[in-house]
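For the numbering used here, add 1 to where a residue sits in the sequence shown, where the first one is 1.
I have placed the structure first, in the form of structure tokens, so that the comments after it can refer back to it.
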Amino acid sequence: MHVTAPSTTGITTSGDAPQQASTKDHDASSQKTAVEQPPPGPRDTVETCGYPPIEDPVDPARILTPRDLRNQRIIFLGIIILINICMTVTAFFGKKSKLIFVTILFIKSKDFLSAILSPLGMMATAIYHKFRPPKEVSQLWILSLIPAYSESEEQIVKTIYSLRDNGVEPHRQVMVVILDGKPRDVRSHMTRVVSGFERPYVSLKWKKGCLRVLAGFMMDVPVIVIEKVKNAGKKDSLILCHDLFNYARDNSPLYTKLLRKEIWEDILPALTEGEKFNGFDMVFCTDADSTIYKGAVALLANAIARDKNAIAACGLVLVELEPGEEMAGAIRKYAEPVTGYMVISHQVQYLGTDRRLTYSMLSQGKHLRTLFVPDAVSETVAPQSIAHYLSQRRRWGSNAYFNNYFYLAGEKMIPLTRIAATIEVVRLSMVYYRVLNTILFIKSLTHHASIMKLMPMLIIGQVPSVWFFCSILLESELRKLWGMSGVTASSAPPAGAPATTETETVTAPPTNDELSAAERGEITPPKPVYAGPDQRRDRVPSRAPSTEGYDIE
């Protein structure tokens with residue numbers, strides 16, 4: 002899930018922009034750069050923007066009463082407990098039954114088969130690339146999304162410069178920071194502000210809100226900052242980003258469509274002026290507290306570009322491809338609540354996470370697939386307390402469990418995906434029985450255990466662990482993590498961050514030679530005719546961002 006400049010991944014702009022503000026008065030104590038402000042416009046606020054008023058939106062999700070919610074939980078937990086009790090009774094009274102062995106074999110089958118297929122796939126890929134080297138990838142435009150909630154201003158700025166210095170050539174990127182209800186003073190780090198205004202919007206949970214949009218440059222980095230005045234969640238940020246910069250979905254709110262039109266007609270041309278920009282090819286998403294290792298973005302982008310059926314690639318970060326209108330349908334599905342009358346309908350109505358987004362993308366066609374790029378590495382901040390760790394695990398576990406129902410019963414899933422999801426649902430549903438079975442297994446080792454009878458269980462259960470340790474030796478990045486290559490993960494060179502984000506270090510302001518010609522205001526070519534995202538020559542025309550035909554309710 003996303004250019005002649007002297008820096009690593011800078012983007013040159015051109016046009017009749019005023020010159021870069023002088024940095025001679027750089028304040029060393031605060032490390033802030035003088036910001037070149039645009040003149041205030043007549044449409045900078047919600048009241049003066051000219052957007053039509055709308056009625057309060059209605060949430061289409063099922064509204065459950067406390068009684069409905071209680072009954073759903075009782076029924077669901079009752080089924081889970083009943084399954085575990087039945088398996089426990091079978092374990093105690095059917096010791097000679099093959100049912101227990103078959104059940105354990107089924108639960109472990111996915112891990113076991115993965116441990117067999119993974120090395121075979123690695124060998125096949127290595128042989129294929131030896132005789133057919135990967136083809137060159139032409140320049141792509143990447144939208145780098147940084148959703149932020151609790152991250153500090155310094156972390157956000159560090160991430161922006163880290164992505165700039167990530168080595169994305171020959172690709173180019175525009176960065177979008179979405180602040181979710183906690184304002185940060187990103188403006189003070191900008192060297193030139195192109196535009197700034199407020200606009201109304203409707204959140205994912207059908208609540209009216211306000212967006213503060215700021216666009217400009219941080220040195221040579223084009224940045225768009227979108228601040229949600231009220232917190233609406235990370236899933237809302239992801240959907241808002243795709244609605245504004247990806248292919249348009251047909252059920253996005255009116256205010257989002259109007260803001261999309263403004264951004265594509267006014268802001269993006271100013272940020273990419275002088276470049277061959279006709280729209281974004283990919284969306285790269287990372288958290289503001291993550292450190293992206295150098296080259297990770299290019300590795301992910303190249304992997305997707307070389308596979309025409311790939312819709313997403315991940316290492317420890319996510320890149321989403323926009324392969325035509327599939328992403329519009331994916332985001333439409335991702336944004337919709339589950340309204341079917343199922344016992345788990347409440348729990349899954351607004352599930353977020355990358356799992357649900359990945360399902361929404363894969364469900365657009367059986368020919369689509371995701372890729373894993375092990376060399377694309379990032380580091381994220383670990384939980385800082387037991388409470389934080391337990392909360393994270395509870396959230397991840399719940400999302401992992403309920404999202405598997407989508408892969409199991411969702412539309413356009415290939416049989417292999419449905420089988421894998423079924424195994425996961427069964428495995429997680431029988432968690433209590435599995436604990437008991439482990440206790441019984443340990444007890445049997447102290448009594449009448451036979452090594453020949455235990456051998457099949459040991460092979461099935463331990464082959465995945467053996468493959469895990471083998472993969473540490475095979476993958477260079479994993480060897481670094483365990484300190485087996487002379488360095489550790491902490492000493493691996495992540496993409497550089499600017500010294501201006503560290504208050505203890507004072508660096509000289511950039512010289513005139515380090516700025517692009519457009520940032521110095523030395524060139525003024527004619528303003529190019531801008532086609533917008535849906536008039537790209539290499540794609541089927543989609544929905545143009547126009548106000549015509551909108552139904553205002």
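Don't be surprised by glycine CBs; every beta carbon is placed ideally from N, CA and C.
Item	Value
Residue closest to L358, alpha-carbon to alpha-carbon, out of E228, L239, K109 and V158	L239
Opening and closing residue of the alpha helix (DSSP H) in which V436 lies	V432 to L446
L300, buried or exposed, once every other Cβ within 10 Å from all chains shown has been counted against 16	buried
Cβ of E56 within 8 angstroms of any chain C Cβ	The structure shown contains no chain C, having only a single protein chain.
Coarse secondary structure for D181, derived from DSSP in three states	strand
Beta carbon of K231 nearer than 8 angstroms to that of G210	yes
Local Cβ density within 10 Å of D60, reported as buried at 16 or more and exposed below that	exposed
Straight-line Cα distance separating V138 from I128	21 angstroms
Residue environment, G341, which counts as buried when at least 16 other CB atoms sit within 10 Å	The predicted position of G341 is uncertain, since its pLDDT is 39 and thus under 50; no value can be drawn from it.
W142, enclosing beta strand (DSSP E) - first and last residue	W142 to A149
Beta carbon of E476 nearer than 8 angstroms to that of P375	yes
Residues of its chain near S291, where Cβ-Cβ distance is below 6 angstroms and the 5 sequence neighbours each way are ignored	S379 and T381
Buried versus exposed call for T287 [16 or more other C-beta atoms within 10 Å across all chains shown]	buried
Sheet register partners of G366 (DSSP bridge)	Paired residue(s): none; G366 is not in a bridge.
Own chain partners of V214 with C-beta closer than 6 angstroms, once the 5 adjacent residues on each side are dropped	F198 and I227
Rounded Cβ spacing between R307 and P135 (contact assumed at less than 8 angstroms)	6 angstroms
Distance between Q73 and R538 (C-alpha atoms, nearest Å)	Low local confidence applies: a pLDDT of 38 at R538 is under 50, so the model's placement there is unreliable, with the coordinate-based value given in what follows. Rounded to whole angstroms, R538 to Q73 spans 51 angstroms at the Cα level.
Residue nearest to K208 in terms of C-alpha spacing, selected from I460, Y434, V436 and E56	E56
Cβ shell of T89 (< 7 angstroms), same chain only, five flanking positions each side left out	Y434 and L437
Other residues of its chain near I225: CB distance less than 6 angstroms, five sequence neighbours each side excluded	V177 and A216
Limits of the unbroken beta strand (DSSP E) element including E228	V222 to K229
Whether T91 touches L100 by CB criterion (8 angstroms)	yes
Terminal residues of the beta strand (DSSP E) in which Y162 lies	Segment E154 to R165 is the alpha helix (DSSP H) holding Y162; no beta strand (DSSP E) there.
Beta strand (DSSP E) runs contained entirely in the segment 267-292, provided each spans 3 or more residues	283-286
Sub-8 angstroms separation of K109 and G366 beta-carbons	no
Nonlocal neighbours in the same chain, by C-beta distance under 6 angstroms from Y390, ignoring five residues either side	P384
Environment of S386 [buried if 16+ CB atoms lie within 10 Å]	exposed
C-alpha distance - H448 paired with L455, whole-angstrom precision	13 angstroms
Secondary structure of S386, DSSP reduced to three states	coil
Residues near I81 by beta carbon distance below 6 angstroms, same chain, minus five either side	S430
Distance CB(L363)-CB(M283) smaller than 8 angstroms	no
Beta-carbon proximity of N167 to I293, cut-off 8 angstroms	yes
Neighbour-count burial assignment, T126, 16 or more Cβ in a 10 Å radius	exposed
Beta-carbon proximity check, C242 vs L106, cutoff 8 angstroms	no
Own chain, CB closer than 6 angstroms to T160, minus 5 neighbours either side, in chain order	I147 and A289
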